[in-house]
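Protein chains in written order, with the working numbering: chain A, 5 to 353; chain B, 901 to 1410.
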């Protein structure tokens, strides 16, 4: 019936070439005691790269090692970093939040405005409540109404930004009173205040992820939502609270950023949402969820700022800087992709 | 109708396939002659799907050879299998619903004029293939507008358009009505009459005997027999399919206690109706039925995963409201899902975290997890269930199927459940782990656990259950126990044969 039967002679040793189904992975070998190299890399890889970059820059880039410059790098990394801690929670569940840029604008504007009216107590609390409220709205729509996170948070990005323009009347709020701005520009024991807060947020965030039922539920829901549900994990509620965390973290970053800049308005930090997501992903958190850690996010946020600081010190054109940043992200993630596929193949033995 | 050609259209020789520790197919040989309908039967897990996937170029064999028309072939990709003349019609359709019938039939093989598709030629060829099947479908109709049975015909037309030596049909009648089945069986005979070798995979024995010239039985990945259908009876095929091995370990005597779970006139969504039973402590009730008969739905509903649309469920005299797994867990009902990969494990989590995820409230102190208590709890069950892993921190996906299943079981047991719902408790598990799981279930039941079991493997149902409710078409067909609970009776009830006057005399094609 068919005269062009393609002939391929049987390889006598086909068994070694046979692809295995994904379920057939064998135990990983090597590593520190019981933990495999894979996990070690996943947790500490970016932190290692960050330290290497610091060492190289310290010896090769003038002024990089200066204490003032270094403090500035840490301060600058805190704003994206604090929001990225919250973003890690939702990305671990395979979702993300694009509305953070507008939440940042609204909350920072609110904080600066209230501070300028000498309502310091309100300036520090109301933006947080607003951020948490926005998180609840996002969480309700994504988790309970099952609208895709992309659509919900993109729409919320427009909505909140537009709302901020309307209430702000198009003007940026301004305030330079020391009792508020010291939060953004000050030091505690020689360390920039925002960075201290970043460390606290990251540590609390990591402890919650690793040592509470909520944290376990996040990893479970992100790894296999259906299995998690069957195991009794409140998947929807967990996703809802994840959005609340990212909303709250972003608002905290906004209060600090307003204090750092003395000014804030609806157009604050364009592209902030993508910088935040980039930090989480560069930090090793898988976009589809289930894997990742806050150590990675923490290091990646600082890595991005370090990189742009080094390029600035080398007087490199800001447009070229963008090309470099994009390339770093692309290279890091493709190396990661190749590496994990290699590891998989090696593990198949 | 059998072509007297000496060369088989397809010959399978000593084909084997291992999946990390599980011998899915073990040294299987059989052949299909041109013009022959060769039925391949076996229970779920007998190795049929593995075999088909290898013939389709989806899986590579661990060892063994294939020959098409006497020539050795290998199928590294599905395309190479198609080129060699092996067409496979899978149980799940692979059609693109928005595209027309003709586009689907010639997908990726569209006739072209230069760079553009030659549409008149496409429709002409599609019509020709459709005519060959003696069916009435407009080649321009989008596939999504066709009923399921006609979509299947499109699948067949696609396979046929590749001018195959062999067509493999995997459970082709699973989704068809009785009349559509008749039509399909007629079509199968027509195909064979054209000289195509047909491998017909099914566990509906009446269809097999209607259509097949020869029958091959697989069990536990091994070839059991190949014989002309005329020399076999339904009973002899059933006996070959189920074997005797697992009956070696006998069910220990059981001592049922009080009623624990009482289900009255339960209906689940649109699929199941009229289910009633009383499950006692220290008792196993088995639910048996073919795929789609509704057993799985009953278990899922009792765990809050499907909506209960009518009836009552009582736990020790108290009415249960089962809206979500949490509520079922709260009522001390545990569940082991049938599809471990889809609904059981969280692959990125460690063995420990997979185990403890359902009992975190018990190991939490002042908001934080007490890891020592978590580890101790895990170790208790590790010993009790003979779990084998080097380290509780290793990923669960690195364990064998049997050990994964034990982790899932342990997760339910750690919740102190009174009722255990087991769906396919030993699917994809090697023989050793299977025996261990059976022994574990026996122990649990001896300690007073009430178990509701659903399995597509009849020997498993018989081995474990004290009583058995047989389902067909979403309705219980009868309850069996004691000596009345045997394979032929269950099979007859499950295939709906009992409704007719006894098993029909096999109709054999000559």
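Yeah, the Cβ is synthetic: ideal placement off N, Cα and C, and Gly gets one too.
Next on the checklist: Extract the residue ranges of the beta strand (DSSP E) inside the segment 942 to 1030 of chain B, only unbroken runs of 3 or more that lie entirely within it.
Outcome noted: Segments of the beta strand (DSSP E) lying fully in the segment 942 to 1030 of chain B: 963 to 968, 971 to 973, 986 to 989.
Checklist entry - For the alpha helix (DSSP H) that contains residue 287(A), what are its first and last residues? => result Secondary structure note for residue 287(A): it is in no alpha helix (DSSP H), with a DSSP letter that is neither H nor E.
Checklist entry - Taking only beta-carbon atoms, is residue 252(A) less than 8 Å away from chain B? => result At a cut-off of 8 Å, the C-beta of residue 252(A) has no neighbouring C-beta in chain B.
Checklist entry - With DSSP run on the structure shown, which of helix, strand or coil describes residue 100(A)? => result Correct three-state label for residue 100(A): coil.
Item to check | Touching by the beta-carbon criterion (3+ pairs, under 8 Å), the segment 977 to 991 of chain B and the segment 1065 to 1075 of chain B | outcome: Three or more beta-carbon pairs drawn from the segment 977 to 991 of chain B and the segment 1065 to 1075 of chain B are found closer than 8 Å, and the two stretches are therefore classed as touching.
Next on the checklist: With distance defined between alpha-carbon atoms, name the residue in 1278(B), 1115(B), 1017(B), 1141(B) nearest to residue 1262(B).
Outcome noted: Nearest option by C-alpha distance: 1278(B).
Checklist entry - Taking the alpha-carbon positions, what's the residue 323(A) to residue 330(A) distance? => result Using only the alpha carbons, I get a separation of about 11 Å.
Item to check | Where residue 216(A) meets chain B, residues with beta-carbon distance less than 8 Å | outcome: Chain B residues near residue 216(A): 1264, 1267, 1268, 1269.
Checklist entry - Helix, strand or coil for residue 1212(B) per DSSP? => result Reduced to three states, the DSSP call for residue 1212(B) is strand.
Next on the checklist: I'd like to confirm the pairing. Which residues does DSSP put opposite residue 1180(B) in its beta bridges?
Outcome noted: DSSP lists 1159(B) as partners of residue 1180(B).
Next on the checklist: Within a Cβ cutoff of 6 Å, which residues of the same chain sit near residue 1293(B), ignoring the five residues on either side of it in sequence?
Outcome noted: Shown here for residue 1293(B): same chain residues with a beta carbon closer than 6 Å to its own, the five before and five after excluded, namely 1250 in chain order.
Item to check | alpha helix (DSSP H) segment containing residue 1323(B), residue limits | outcome: In the DSSP annotation of this structure, residue 1323(B) is not part of any alpha helix (DSSP H); the continuous beta strand (DSSP E) holding it starts and ends at 1319 to 1323.
Next on the checklist: Tell me the rounded alpha-carbon separation between residue 1090(B) and residue 1159(B).
Outcome noted: So the two alpha carbons sit approximately 55 Å from each other.
Item to check | Beta-bridge partners of residue 1067(B), as assigned by DSSP | outcome: According to DSSP, residue 1067(B) shares a beta bridge with 987(B), 1098(B).
Checklist entry - Is the shortest distance between the beta-carbon of residue 246(A) and the beta-carbons of chain B less than 8 Å? => result Output row for residue 246(A): interface = no.
Next on the checklist: On a Cα-Cα basis, can you pick out the residue from 1046(B), 1074(B), 1025(B) that is closest to residue 1060(B)?
Outcome noted: It is 1025(B).
Next on the checklist: Strictly under 8 Å for the Cβ-Cβ distance: is residue 313(A) near chain B by that measure?
Outcome noted: With 8 Å as the cut-off, residue 313(A) does not count as an interface residue toward chain B.
Item to check | Meets three-Cβ-pair contact criterion under 8 Å: the segment 1309 to 1323 of chain B and the segment 1118 to 1131 of chain B | outcome: Cβ pair count under 8 Å is below three, so no.
Checklist entry - Since residue 238(A) sits in a beta bridge, which residues does DSSP pair it with? => result Under DSSP, residue 238(A) shares a beta bridge with no residue.
Checklist entry - If we ignore side chains and look at the alpha-carbon of each, how far apart do residue 216(A) and residue 1098(B) end up? => result Taking the CA atoms as reference points, residue 216(A) sits about 58 Å from residue 1098(B).
Item to check | Buried or exposed (CB count within 10 angstroms, at least 16 for buried), residue 34(A) | outcome: Because residue 34(A) sits at a pLDDT of 39, beneath the cut-off of 50, its placement in the model cannot be relied upon, and the following sentence gives the value as read from the coordinates. By the 10 Å Cβ count, residue 34(A) comes out exposed.
Item to check | Residues sharing a beta bridge with residue 1219(B), DSSP | outcome: 1214(B), per the DSSP bridge assignment.
Next on the checklist: Helix, strand or coil for residue 938(B)? Go by DSSP, reduced to three states.
Outcome noted: Residue 938(B) falls in the strand class under three-state DSSP.
Checklist entry - Hey, would you say residue 1364(B) sits closer than 8 Å to residue 1184(B), going by beta carbons? => result A contact, by the Cβ cut-off of 8 Å.
Checklist entry - What runs of the alpha helix (DSSP H), each 4 residues or longer, lie entirely inside the segment 1098 to 1140 of chain B? => result List check, alpha helix (DSSP H) in window: 1105 to 1111.
Item to check | Interface residues of the segment 1215 to 1238 of chain B facing chain A [CB-CB below 7 Å] | outcome: The residues in question are 1225, 1226, 1229, 1235, 1237.
Next on the checklist: Going by C-alpha to C-alpha distance, which of 939(B), 976(B), 952(B), 1375(B) sits closest to residue 1176(B)?
Outcome noted: Ranking 939(B), 976(B), 952(B), 1375(B) by CA distance to the CA of residue 1176(B) puts 1375(B) first.
Checklist entry - Where does residue 71(A) land, buried or exposed, given buried means 16+ other C-beta within 10 angstroms? => result Residue 71(A) counts as exposed, since fewer than 16 other C-beta atoms from the protein chains shown sit within 10 angstroms of its C-beta.
Checklist entry - At which residues does the alpha helix (DSSP H) containing residue 1381(B) begin and terminate? => result First-last for residue 1381(B): 1375 to 1381, but that is the beta strand (DSSP E), not the alpha helix (DSSP H).
Next on the checklist: Less than 8 Å between CB atoms is the rule here; does residue 1282(B) satisfy it with respect to chain A?
Outcome noted: No - not a single Cβ of chain A is within 8 Å of the one on residue 1282(B).
Item to check | Cα-Cα separation, residue 1057(B) to residue 999(B) | outcome: Cα-Cα distance, rounded: 15 Å.
Next on the checklist: Between which residues of its own chain and residue 1167(B) is the CB-CB distance below 8 Å, once the five residues before and five after are set aside?
Outcome noted: Taken in chain order, the residues that qualify are 1173, 1174, 1175, 1208, 1209, 1210, 1211.
Item to check | Against chain A: residues of the segment 1374 to 1398 of chain B by CB proximity under 7 Å | outcome: Residues passing the 7 Å Cβ filter: none.
Next on the checklist: Along the segment 996 to 1027 of chain B, where does the CB come closer than 7 Å to a CB of chain A? Name the residues.
Outcome noted: So the list is empty, because no residue satisfies the distance condition.
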